[in-house]
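Chemist: Protein chains in written order, with my numbering: chain A, 3 to 275; chain B, 29 to 359. Even glycine gets a Cβ: it sits at the ideal position worked out from N, Cα and C. Structure in C-alpha cells, see below.
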C-alpha cells in the first residue's frame, strides 16, 4: 500500500490534520519499522535465520533486498496474537506472487498471495511467538525475488496459545462468516477489506489441532480471478485482510470471495460495490 | 646492531614489567568489579521515594512520565497516602514488592501511625504489585478490580519481570480481599468519599479527601501524558470524567503526571480520548489497514504529551479492531 495514498489523505483531511505527503513515511520511518533497505547481498535485518530462509524459500533463484517492497509493521507488537502488517510491492510492476514469512516463528510461512489481476498491495494480521523479522518476498516475472521486511519486537507466545474461539461455542455457529466492504479510491485503486470468523488454530497449543483457512480467492463481477491467497497457521484468529484491487473493480457487479479451511469448510460471500 | 630485548637485564625487566602489569590489570579488574558491585548496592534498586506533602496529612509520590523500563523499575504511576487521626490510608502500592516496601518505609518516616486501609484504584500492574508490603487485611479494591487482579494479575506480573527486570524480585500477586463500595464515610478519622467509576478499566476507584479537598482521580485522569487504553471503554470513561469535573475540588492527583489545582488534566484527558476514538473510527470507516492506522500522525495539540506516539500505536492495537468490525459490518 502506498505510504501516501488517497485514503490517508482523505482521512487526514477528514480529521483536519495537517498531513504533508511526506508525513506518513517519515512517521513510518521513525515510529514503525518500515523497510528502508539497500539492495545488497547482506540481510539488512541482520537475522541469523536469513540463510535458512533463503535456502528454504528461494533455493537457487535470484534474491535481492529491495526498498520497493515496503513492509509496514509496528516496531513493538502490543498484541502478539494480532500483529498488523501492510505490504506494498506494487512499485515492482509485474509481481507474480508475494510470500510473507517470519524468520523466528515456529511456523515460518504466513501468507502467499498471487495478485493475478491486482496491484501487489495487501494487509494481514499474524501471530508472533517471539520477536522476529516479518518479511515479504515478491517474485517478478523475470523470476527474481525482491525482499523487504521489518523487525517486530514482542513478548511473544502468539503461536502456542489456543484461539479464544476454540474455548467458546459461538464460532461454530459463525465459522467462516465474512464481513467485507469495498472502498473505491483507497490504496492503489479500490480496496477490499474483509474479516472472517475463524479460530485459526496453529496446532501448537496442547490438545488443539491445527485448524485454519487455507485458500481465498477474489473474483470480480465477470468472474475474472483477481487475487488468490494461501493462508498458513500464523494468520491471526478472526483474520482481517486488506487487498488493493484495480480502480473501478465494482463496476462489473459484486465481488465474489471464496475459500476453504483445512477441514473443508467453505467460505463463500459476495461483496456489493 | 644491539637489540635491547636481547640483553638479559632488559629481558628480566620486561618480564618484571609483564608481571607488574598483570598484577595491575588484576587489581584494576577487581576494582572495576568492586565498583560495579558498589554501584549496584548504592543504587540498590532504590526508587528514592520522597513523599510530597500537598495538604495537611495528604502526601503523593509522583511517578515518572515514562514507559516501564529497567531504568525506572516501573515507577511510572502516582501513589499517595492520607494520614488520619488513628491510621493511614494508602492509595495504590506501585509496580513491585520493592516499591511497596520502600513506600511503606517512606510512610513510616512521616508518621508512626499504622496503615489501616490500602486501596488499589484499579487492576493495572503499576498500581497494585506493591501489595505484598502491606498488611493483607488492609488491602481493598472495587469488586471488579479484585476479579481483574485475580484473572490477569499473574500475566501482568510476568510481563513486568520482562520489562523492568530485577526490580521485580520476589514480587507476587497479592489479591485484595476487602471489597469497597461507593460512599462517604469516616476512615482513620478522615472524611473520605469513594466513587466507583470505570472506563479506563472495568472499575476505577476515585478517592476524595473532603477535609483537604483532594481528589485522587486514579488513571481516569492523566496529566500531560498520553493515556493508556488496554482495557478502555471510552464512552464510559468520558461519562466518568463528566462526573469528576462536577466535583468541587481544591486539587487533583492524576494517576500519571503532576498534581493540578484545576480541571485542566480532566479536560485534556477528555480531548485526547475524543481525538483518539474519532481518529480510529474514521480510519476504519475510510478503509485504512490497521498498520496504516498506526502510522497516522498525532494531532498537534497532543504531540508533546509524554509517550504520545508509543501510546497511540498501543491504542490502535487496543481499539482499532472494534472500529474495524463496525466498518466491516462484522459482529
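1) Please tell me whether residue 241(B) has its Cβ less than 7 Å away from any Cβ of chain A.
2) At 7 Å on the CB atoms, spell out the chain A contacts of residue 358(B), in chain order.
3) Any beta-carbon of chain A closer than 7 Å to the one on residue 85(B)?
4) Considering Cα atoms alone, identify which of 212(A), 232(A) and 213(A) is closest to residue 219(A).
5) Within 10 Å of its beta-carbon, does residue 265(A) have 16 or more other beta-carbons around it, so buried, or fewer, so exposed?
6) Run through DSSP, which three-state label would residue 139(A) get?
7) Taking only three categories from DSSP, how would you classify residue 302(B)?
8) In chain B, which residues lie with their C-beta within 8 Å of the C-beta of residue 125(A)?
9) Please report the Cβ distance between residue 254(A) and residue 201(A), rounded to the nearest whole angstrom; I am assuming they are in contact, meaning their Cβ atoms lie under 8 Å.
10) Thinking C-alpha only, which one of 58(B), 103(B) and 134(B) is nearest residue 80(B)?
11) Who are the Cβ neighbours of residue 270(A) in its own chain at under 7 Å, not counting the five residues just before and after it?
12) Can we say the stretch 221-234 of chain B touches the stretch 260-267 of chain B, given the rule of at least three CB pairs closer than 8 Å?
13) DSSP puts residue 127(B) in a beta bridge; with which residues?
14) Which term fits residue 57(B), buried or exposed, when burial requires 16 or more other beta carbons within 10 angstroms of its beta carbon?
15) Go through its chain and collect everything with a Cβ distance to residue 355(B)'s Cβ below 7 Å, but skip five positions before and after it.
16) Need the endpoints of the alpha helix (DSSP H) that residue 145(B) sits in, please.
17) If we ignore side chains and look at the alpha-carbon of each, how far apart do residue 273(B) and residue 150(B) end up?
18) Give me, in chain order, the residues of the same chain whose beta-carbon lies closer than 6 Å to that of residue 115(B); leave out the 5 immediate sequence neighbours on both sides.
19) Assuming residue 241(A) and residue 127(A) form a contact by the criterion Cβ under 8 Å, report the distance between their Cβ atoms to the nearest whole angstrom.
20) Going by the beta-carbon positions, is the gap between residue 103(B) and residue 91(B) smaller than 7 Å?
21) Would DSSP call residue 153(B) helix, strand or coil?
22) Note down, one range per segment and in chain order, each beta strand (DSSP E) of at least 3 residues found wholly within the stretch 152-184 of chain B.
23) Report the three-state DSSP secondary structure of residue 214(B) (helix, strand or coil).
24) At a Cβ threshold of 7 Å, is residue 197(B) touching chain A?
25) Establish whether the CB of residue 125(B) and some CB of chain A are separated by less than 7 Å.
26) Closest Cβ-Cβ distance between residue 155(A) and chain B: below 7 Å?
27) What separation, rounded to the nearest whole angstrom, lies between the Cα atoms of residue 68(B) and residue 195(B)?
28) Who are the Cβ neighbours of residue 309(B) in its own chain at under 6 Å, not counting the five residues just before and after it?
29) Grouping DSSP H, G and I as helix and E and B as strand, with all else coil, what is residue 270(A)?
30) Chain A partners of residue 305(B), CB-CB under 9 Å?
31) Nearer than 6 Å: is that true of the beta carbon of residue 91(A) relative to any heavy atom of the ligand GDP?
32) Where are the alpha helix (DSSP H) runs, 4 residues long or more, that stay fully inside the stretch 260-295 of chain B, in chain order?
33) Around the C-beta of residue 125(A), are 16 or more other C-beta atoms found within 10 angstroms, so that it is buried, or is it exposed?
34) For a contact meaning CB atoms closer than 9 Å, what does residue 74(A) contact in chain B?
Modeler: Checking against the coordinates, here is how it stands:
1) no
2) Within chain A, the residues near residue 358(B) are 181 and 197.
3) no
4) Nearest C-alpha to residue 219(A): 232(A).
5) Exposed: under 16 other Cβ atoms inside 10 Å.
6) strand
7) helix
8) Ordered by position in chain B, the residues that pass the 8 Å Cβ test against residue 125(A) are 317, 318, 319 and 320.
9) About 34 Å; that fails the 8 Å criterion.
10) 134(B)
11) 260
12) yes
13) The partner list for residue 127(B) (beta bridge, DSSP) is empty, contrary to what the question assumes.
14) exposed
15) 312 and 313
16) Per DSSP, residue 145(B) belongs to no alpha helix (DSSP H); it is in the beta strand (DSSP E), 143-147.
17) 20 Å
18) 141, 142, 144 and 216
19) 6 Å
20) Contact: yes.
21) helix
22) As far as the stretch 152-184 of chain B is concerned, its whole beta strand (DSSP E) runs of at least 3 residues are 167-169.
23) strand
24) no
25) Nearest CB-CB separation between residue 125(B) and chain A: not below the 7 Å threshold.
26) no
27) Summary for residue 68(B): the model assigns pLDDT 48, below 50, so the residue's position carries little reliability, and this model does not support an answer.
28) 351
29) strand
30) Correct list: empty, because the minimum Cβ distance to chain A is about 12 Å.
31) Among the components of this structure there are no ligands whatsoever, and the ligand GDP is therefore not found.
32) 262-273
33) buried
34) 317, 319, 320, 322 and 323
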